[in-house]
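From first to last, the protein sequence lines stand for chains Z and U.
Last residue of the first sequence? That's 432 in numbering that gives the first Met the number 0, and every number before it is there in order.
Last residue of the second sequence? That's 432 in numbering that gives the first Met the number 0, and every number before it is there in order.
Each residue gets a CB set at the ideal place from its N, CA and C atoms; glycine is no exception.
Have a look at the structure below before the remarks.
2 protein chains.
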Amino acid sequence: MNTPSIGIGLLGMGVVGSEVARSLLQQADRLEQQVGRPLALISVLVREVARPRDPAIPPSLMTTSLQDVLGNPGIQVVVEVMGGLRPAYEAIRSALSQGKHVVTANKEVMANHGPELVRLAEDREVNLLYEASVGGGIPIIGPLRKDLLANQVSSIHAIINGTTNYILTRMSHEGASFEATLRQAQELGYAEANPANDVDGTDAAYKLAILSSLAFHSQVTGVDVYREGIAKLTALDFRYAHELGYAIKLLAIARREDSALSLRVHPCLVPEDHLLAKVDGVFNAIEVEGDLVGKVVFHGQGAGPKPTASAVLGDILEAARGIAAGRKPPRGGNLHNGLRILPIEELVTQYYLRVTVTDRAGVLAKITTVLGDLNISIASVIQKASDAASQTAELVIMTHLAKEAHVQEAVRRMARLDVVREVSNVLRVEQRA
Amino acid sequence: MNTPSIGIGLLGMGVVGSEVARSLLQQADRLEQQVGRPLALISVLVREVARPRDPAIPPSLMTTSLQDVLGNPGIQVVVEVMGGLRPAYEAIRSALSQGKHVVTANKEVMANHGPELVRLAEDREVNLLYEASVGGGIPIIGPLRKDLLANQVSSIHAIINGTTNYILTRMSHEGASFEATLRQAQELGYAEANPANDVDGTDAAYKLAILSSLAFHSQVTGVDVYREGIAKLTALDFRYAHELGYAIKLLAIARREDSALSLRVHPCLVPEDHLLAKVDGVFNAIEVEGDLVGKVVFHGQGAGPKPTASAVLGDILEAARGIAAGRKPPRGGNLHNGLRILPIEELVTQYYLRVTVTDRAGVLAKITTVLGDLNISIASVIQKASDAASQTAELVIMTHLAKEAHVQEAVRRMARLDVVREVSNVLRVEQRA
């Protein structure tokens, strides 16, 4: 008996697209067994047809025209792995409008246009699946949409950018500078030639927006997430943090505070015995806390062609199984909560301050007065060795819980003190992760 | 507009059932928002109607007759949280036969009758959902069925019994004996009055069977899993393991070896820097390795009323959303692989041997000869301090990869040597976890 195949159109043949094509072509039997019908790759959008490729794609399948794929009536599932906002966004919208199922790995599109596209997919009764947009192959979108759905989620703490976690791990282990470590990472292929989106927290902010929409049933887009990058960290920060029992990680944090949502990506001191402190190198981990489940952690490779293809192919199988069963897709995210986004100034957390001061008597009194005036209470102060040549010393101050606005004002006042050479770094501390 | 509610029947009001009932009664609005229709708890099977309960259940909803629930035409979803093989198995079969969707937390039923019940559910086009049967609230069944489905899974390494992990963690930290630690665990409620099923590995074996059927697309039941419990472990084993850089964990391991499947639950030496070695107390963790995704780890509370209710309620929501959308359930597990179960004698791994010997010259030569005759090569031998009173010493031997049948024969031959007082323990070592 010949069962009709399900037509797949692939937009993009970069490293992820190639890996997806390889499985579709070389693991066709295995995939067919999961669906009950064959999956047929019938059109692939590329930049240049003539280039040699691995896997080899029959030239008749390749096209440089987006419209060739989107307009092909034999294609039921469009797989978008081009990356970038444009023309991916328009391509996804067009495919959904025409009643095609869409699988995408595109965090930028989903973080900025997710809610609109989810509604469009619901209207057209097709799937819009995007497991690969966060955490590479780690299942996290599926669990949030389904398995954990009965929970009221209180927080997400995540390491969701492999490039920065690799850099921070190396800086921590080797005491090297940010610049030197970034160069190494670029040479090894763990950081891109233009690493800005990773290093400044933008990539992680996109992913946090996607997770937060699902977890908190509230519309969150990339611009809602406060972000700070890792470029200001120095070897000294790692050394002092370690002496105090902390690792430094770029965390993406979402926390529900009554009817508001605190959303932020920044480097963070994390207790060394916490699971997230032990996530090393390019690995990702996502901790979700819910009222029923408590804390669950998902850990794995957050990037790379094969892990990302694992998630893309999982979504292709889900769409294809639905098509094979004549099944309508499940409803998408329900954004009924409408939580307010908490401005960063209203954040209450603990802080680590590293201050370079003139090495003479009375300095500490002046600084603690600034903090005391703003109701910031000090958990510990360490005075680090003086630099005889420059006649400076360093103070490492850990605060109790304090309000961000007050800490920012304290930093401004400290910077104006004659005894302060520089407020060298201010880092937030996440005890509760 | 009044949308018709979806009728839920609950079998069992133990700690998990009570938590499920609490959410259905007290979080009704939140659950309705996820489904688009109200969920109505309309019948609850209990042992005794008159008992005081938290949450309070209207007496009119309670019954002591299974048939009252199964025969109620208003019930579309039957939730089985009685536990135990009977009458849970018959109740699930009867509910499915009548075209009702079933959500169960029952590892014993699913490990022993899963494939048959999955086929029955497919025939009747209803859901049979059992996320809560493994790992409490940790999403693992869903990810294996969907998100990771494109992978050829090569192995599972799991800590999926909280009671034994709690006991092993305490023994490791405190140098206490198994018996004393078990008693403590019982007093604290972490071990049952009759702890046999946990301590001898049966509970973990059931769960591994459930995971393996899904991961390897092959029919696996509880009896297919080789098991050894933790009762033979002593404080000495933990001390020596630690000196060698290992933790001791009760691991559930499934590994694909060509067209065979190695399935086993036993205490195991795990390198201390491995993630699984860091899973402490009652926590669970499941590591899945696939050809695309690499290693993914799922970590969380593997038991307890609330985490288990999180998984049960997630499944109830999935079934209810399908009913609300008029959607047929996805096909169940596809068991096309038919892998042979590898007998434990064919296992090839590394071993830790602790041997009590007479403290005199020539002992080591005799023992190494036994091992050499059987082609077992030694990675390291440590001679531990002698006991002057009994004139004995202890040898701790780590082997390279060796065949289980050979190691078992070596143990028999050693036990016959006049210089050997006792082969005190033999543990497998999992370097590759």
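Using CA coordinates, which residue listed in the options is at the minimum distance from residue i?
| i | options | result |
| --- | --- | --- |
| R330 (chain Z) | U:Q32, U:A157 and U:S17 | U:Q32 |
| S153 (chain Z) | Z:I74, Z:S261 and Z:L426 | Z:S261 |
| M12 (chain Z) | Z:I5, Z:I56, Z:S4 and Z:L38 | Z:I56 |
| D257 (chain Z) | Z:P138, Z:A404 and Z:L341 | Z:L341 |
| Q75 (chain Z) | Z:S96, Z:G371, Z:L363 and Z:M397 | Z:S96 |
| V125 (chain U) | U:P138, U:G136, U:S93 and U:L147 | U:S93 |
| I166 (chain U) | U:I41, U:G136 and U:Q185 | U:Q185 |
| T307 (chain Z) | Z:G325, Z:F282, Z:F237 and Z:L40 | Z:F282 |
| A323 (chain U) | Z:Q26, Z:K327 and Z:M81 | Z:K327 |
| R238 (chain Z) | Z:R255, Z:V395, Z:A195 and Z:A360 | Z:V395 |
| K305 (chain Z) | Z:V77, Z:A104 and Z:L243 | Z:A104 |
| A87 (chain U) | U:G73, U:N71, U:R415 and U:L116 | U:L116 |
| V422 (chain Z) | Z:G228, Z:A192, Z:N71 and Z:E393 | Z:E393 |
| S379 (chain U) | U:A364, U:H399 and U:K277 | U:H399 |
| L232 (chain Z) | Z:P58, Z:V222, Z:H112 and Z:L181 | Z:L181 |
| V311 (chain U) | U:P58, U:Y129 and U:K383 | U:Y129 |
| G188 (chain Z) | Z:A387, Z:V14, Z:D67 and Z:R420 | Z:V14 |
| A20 (chain Z) | Z:S309, Z:Q382 and Z:S389 | Z:S309 |
| S171 (chain Z) | Z:L84, Z:A192, Z:D236 and Z:I41 | Z:D236 |
| P194 (chain Z) | Z:R169, Z:D223, Z:G228 and Z:R52 | Z:G228 |
Mind checking whether residue i and residue j have CB atoms under 7 Å apart?
| i | j | result |
| --- | --- | --- |
| V101 (chain Z) | L127 (chain Z) | yes |
| R36 (chain U) | T2 (chain U) | yes |
| A90 (chain Z) | L23 (chain Z) | no |
| A253 (chain U) | S211 (chain U) | yes |
| K99 (chain U) | S132 (chain U) | no |
| D197 (chain Z) | T163 (chain Z) | yes |
| T368 (chain Z) | T391 (chain Z) | no |
| E317 (chain Z) | K145 (chain U) | yes |
| I247 (chain U) | P266 (chain U) | yes |
| Y351 (chain Z) | L426 (chain Z) | yes |
| A208 (chain U) | A110 (chain U) | yes |
| G289 (chain U) | N150 (chain U) | yes |
| V80 (chain Z) | L60 (chain Z) | no |
| G134 (chain U) | G244 (chain U) | no |
| H478 (chain Z) | I375 (chain Z) | The shown model of chain Z, from 0 to 432, leaves out residue 478 (chain Z), and the question about it has no answer. |
| P403 (chain Z) | L346 (chain Z) | Sequence check: residue 403 (chain Z) is Glu here, not Pro. Their beta carbons are under 7 Å apart, which means E403 (chain Z) touches L346 (chain Z) by this criterion. |
| V287 (chain Z) | V278 (chain Z) | no |
| P138 (chain U) | Q218 (chain U) | no |
| E429 (chain U) | V264 (chain U) | no |
| N333 (chain U) | H216 (chain U) | yes |
| V410 (chain Z) | T357 (chain Z) | no |
| G6 (chain U) | A39 (chain U) | yes |
| V34 (chain Z) | A319 (chain Z) | yes |
| I41 (chain U) | G73 (chain U) | yes |
| A230 (chain Z) | F177 (chain Z) | yes |
| K383 (chain Z) | L416 (chain Z) | no |
I believe residue i touches residue j by the beta-carbon criterion, under 8 Å. Please report the beta-carbon distance rounded to the nearest angstrom.
| i | j | result |
| --- | --- | --- |
| A234 (chain U) | G174 (chain U) | 5 Å |
| G293 (chain Z) | G299 (chain U) | 7 Å |
| A214 (chain Z) | I158 (chain Z) | That belief does not hold up - the Cβ atoms of A214 (chain Z) and I158 (chain Z) are roughly 16 Å apart, past 8 Å. |
| G200 (chain Z) | L249 (chain Z) | 7 Å |
| G141 (chain Z) | V77 (chain Z) | Wrong, their Cβ atoms sit about 20 Å apart, outside the cutoff. |
| A240 (chain U) | A203 (chain U) | Rounded, the Cβ-Cβ distance is 20 Å, inconsistent with contact. |
| Q25 (chain U) | P54 (chain U) | 7 Å |
| I438 (chain Z) | Y225 (chain Z) | A question about residue 438 (chain Z) goes unanswered here, because the residues of chain Z that appear run from 0 up to 432. |
When DSSP builds the beta bridges, which residues end up paired with residue i?
| i | result |
| --- | --- |
| G289 (chain U) | U:V152 and U:G293 |
| V133 (chain U) | In the DSSP output, where bridge partners are listed per residue, V133 (chain U) has none listed. |
| P127 (chain U) | As written in the sequence, residue 127 (chain U) is Leu, which differs from the Pro given in the question. L127 (chain U) is bridged to U:V101. |
| A157 (chain U) | U:A251 and U:I285 |
| T307 (chain Z) | In the DSSP output, where bridge partners are listed per residue, T307 (chain Z) has none listed. |
| G299 (chain Z) | Z:N283 |
| R427 (chain U) | U:C267 and U:Y350 |
| E393 (chain U) | U:T355 and U:K383 |
| K402 (chain Z) | Z:V347 |
Problem set entry | Secondary structure, alpha helix (DSSP H): runs of 4+ residues fully inside the stretch 52-79 of chain U | Complete alpha helix (DSSP H) runs here, min 4: 65-69.
For this session: Mind listing, in chain order, the continuous alpha helix (DSSP H) runs of no fewer than 4 residues lying wholly within the stretch 0-44 of chain U?
Result: Runs found: 14-25 and 27-34.
Problem set entry | Whole runs of the alpha helix (DSSP H) within the stretch 210-281 of chain Z, excluding any shorter than 4 residues | Here the runs fully enclosed are 234-242.
Exercise. Of all the alpha helix (DSSP H) runs that stay within the bounds of the stretch 180-206 of chain Z, which reach a length of 4 or more residues?
Worked result: If we require 4 residues or more, the alpha helix (DSSP H) runs fully inside the stretch 180-206 of chain Z come out as 195-198.
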